[in-house]
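See structure below.
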DNA sequence: TCGCCGCGGATGGTATACCATTTTGCACCG
DNA sequence: CGGTGCAAAATGGTATACCATCCGCGGCGA
């Protein structure tokens, strides 16, 4: 998985480590240590950290070690609301502008996810799920929208990952994917908006459940994603 | 205007140079030259360029000089569509969550704009207009939304600036501001959405006019914001 | 004369060294 | 025994040196 530039490759690896939980929320990311650990110099590591910061996975603090972001439930829901608005727009535009080929490709992705669901690594399924949504966004033919949507998908990756591991309502997710694809094939704007709304609503419910469950462990989530002992 | 870090300060300066037109769209930003010109080393200059790239003002190309972004009309309209979706959400949330004080402050901003319109520098009016919209977004109490909206406002700064200098439909802008504030005071979601739609629609019309007018000068705008001789 | 090859400069990417600030721990004083 | 202050270590910010790649120009050959 080598990218164009070292920094991007490092960002990719760092991202996976964060999402996997090797670097837990709140953990400091010391430039020197991490750079050495990955066998690169500080310069691209710095840049990688900035990339993740822009994605919202890492929090920069002036003159302090950056830390892995630890968003509260409220913050995550706020982000999902924005994602929701972006996906509504993308659904609307896709119904209007998507080519038949693009719609077919989206259907293929849906089928592929359905096939590997349960047997593949959760992270891999997740990348596919992201591709599914990104394909819809791409079909809306709006570069700015695609870019911003991608940023939010990355930013919410961890929350989605954690919530999806609970295997709740997997069938529902597959059904919703199917419904979204069907609405798109019919170019039915109202229907696709409704389905996207349901999909995102389910996502919020899942994540809320995860947080409620986790709160039993005593890991308090403050409103601002506060500090946490290292 | 010194920021926390050198890179931010440089980014601020670079941004103003770009928006003012000292660095015209399509111009390459050579790390060495610009670093020397501002009297700093390449490291913070690189970071500043990345910041502007993330804001969409600069376009990064692998192994090539970054260039000042030169968005086509189509790209700008795409961006405004996203901004529109974000503002619709912010209007909806603001109606639900804004405090009376916040609404009053928004009204004050509207009045202030009305007062200085025509007599003050376009740039100043512009800052106020941005504050007006940002205040609405802030009143929606959604940090992620505020952040993304701010990014789009910055990204569209130049287009808005260029289009607003044409003094077309200033009365209409003021009327729309008043209508938006009124809808917000009444917490009328449907009304505020309609008004925001009208406001953004007018913005698109203005910018389209500007482009049509400019096209007469022979400065062709390709669909992808292509190269341009240095 | 035209085209291909190669070399040198320009430029972005990476590594490393240095600096400033912050943090931490320990010693000394009260 | 506890608090204060200083010093050393840690750490992010900055500068500089080096490397890899790309582009332009000139010479060589067909």
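Chains as they are written, first to last, in UniProt numbering: chain D, 1 to 230; chain R, 1 to 230. We treat Cβ as the ideally placed atom computed from N, Cα and C, and that holds for glycine.
Nearest residue (CA-CA) to residue i, options the options
{"i": "residue 200 of chain R", "options": "R:57, R:71, R:87, R:99", "result": "R:87"}
{"i": "residue 4 of chain R", "options": "D:31, D:47, D:64, D:43", "result": "D:64"}
{"i": "residue 138 of chain D", "options": "D:96, D:118, D:43", "result": "D:96"}
{"i": "residue 112 of chain R", "options": "R:98, R:99, R:128", "result": "R:128"}
{"i": "residue 41 of chain R", "options": "R:10, R:67, R:25, R:23", "result": "R:10"}
{"i": "residue 205 of chain D", "options": "D:90, D:47, D:26, D:73", "result": "D:73"}
{"i": "residue 136 of chain D", "options": "D:23, D:190, D:207, D:177", "result": "D:177"}
{"i": "residue 115 of chain R", "options": "R:101, R:194, R:174", "result": "R:174"}
{"i": "residue 90 of chain R", "options": "R:195, R:207, R:101, R:156", "result": "R:195"}
{"i": "residue 213 of chain R", "options": "R:142, R:162, R:7", "result": "R:162"}
{"i": "residue 192 of chain D", "options": "D:144, D:158, D:149, D:84", "result": "D:84"}
{"i": "residue 180 of chain D", "options": "D:24, D:142, D:197, D:171", "result": "D:197"}
{"i": "residue 7 of chain D", "options": "D:119, D:170, D:31, D:155", "result": "D:31"}
{"i": "residue 207 of chain R", "options": "R:171, R:172, R:158", "result": "R:158"}
{"i": "residue 25 of chain D", "options": "D:140, D:48, D:66", "result": "D:66"}
{"i": "residue 82 of chain D", "options": "D:172, D:165, D:152", "result": "D:152"}
{"i": "residue 98 of chain R", "options": "R:160, R:69, R:141", "result": "R:141"}
{"i": "residue 130 of chain R", "options": "R:155, R:13, R:43", "result": "R:155"}
{"i": "residue 134 of chain R", "options": "R:23, R:150, R:44, R:190", "result": "R:150"}
Minimum Cβ-Cβ distance from residue i to chain D less than 8 Å
{"i": "residue 233 of chain R", "result": "In the structure displayed, chain R extends from 1 to 230; residue 233 of chain R sits before or after that span and is not available."}
{"i": "residue 89 of chain R", "result": "yes"}
{"i": "residue 227 of chain R", "result": "Model confidence at residue 227 of chain R stands at a pLDDT of 37, short of 50, so the residue's coordinates are unreliable; what they give is reported in the following sentence. Not one chain D Cβ lies under 8 Å of residue 227 of chain R."}
As assigned by DSSP and simplified to three states, the class of residue i
{"i": "residue 25 of chain D", "result": "coil"}
{"i": "residue 228 of chain D", "result": "Any reading at residue 228 of chain D must be qualified, since the residue scores a pLDDT of 37, below 50, and its modelled position is unreliable; no value is offered."}
{"i": "residue 174 of chain R", "result": "helix"}
{"i": "residue 165 of chain R", "result": "coil"}
{"i": "residue 67 of chain R", "result": "strand"}
{"i": "residue 156 of chain R", "result": "coil"}
{"i": "residue 81 of chain D", "result": "helix"}
{"i": "residue 186 of chain R", "result": "coil"}
{"i": "residue 61 of chain D", "result": "coil"}
{"i": "residue 121 of chain R", "result": "coil"}
{"i": "residue 199 of chain R", "result": "helix"}
{"i": "residue 98 of chain R", "result": "coil"}
{"i": "residue 206 of chain D", "result": "helix"}
{"i": "residue 141 of chain D", "result": "coil"}
{"i": "residue 56 of chain R", "result": "coil"}
{"i": "residue 193 of chain R", "result": "helix"}
{"i": "residue 10 of chain R", "result": "helix"}
{"i": "residue 39 of chain D", "result": "coil"}
{"i": "residue 110 of chain D", "result": "helix"}
{"i": "residue 5 of chain D", "result": "coil"}
{"i": "residue 72 of chain R", "result": "coil"}
is_contact[residue i, chain R] using C-beta, thresh 8 Å
{"i": "residue 10 of chain D", "result": "no"}
{"i": "residue 114 of chain D", "result": "no"}
{"i": "residue 4 of chain D", "result": "yes"}
{"i": "residue 14 of chain D", "result": "no"}
{"i": "residue 211 of chain D", "result": "no"}
{"i": "residue 85 of chain D", "result": "yes"}
{"i": "residue 214 of chain D", "result": "no"}
Chain-ordered residues of the stretch 55-83 of chain R with a beta carbon less than 8 Å from chain D: 56, 62, 75, 78, 79, 81, 82
Can you find at least 3 beta carbon pairs, one from the stretch 72-79 of chain R and one from the stretch 22-39 of chain R, that sit closer than 8 Å? no
Near-chain D residues of the stretch 141-171 of chain R - C-beta to any C-beta below 7 Å: 142, 143, 144, 145, 148
On the three-pair Cβ rule with 8 Å, is the stretch 119-133 of chain D touching the stretch 52-62 of chain R? no
Contact between the stretch 179-196 of chain R and the stretch 98-106 of chain R: three or more CB pairs below 8 Å? yes
Is there contact here, the stretch 39-54 of chain R with the stretch 8-18 of chain R, by at least three beta-carbon pairs under 8 Å? yes
Where the stretch 36-55 of chain D meets chain R: residues whose CB sits under 9 Å from a CB there: 43, 46, 47, 50, 51, 54
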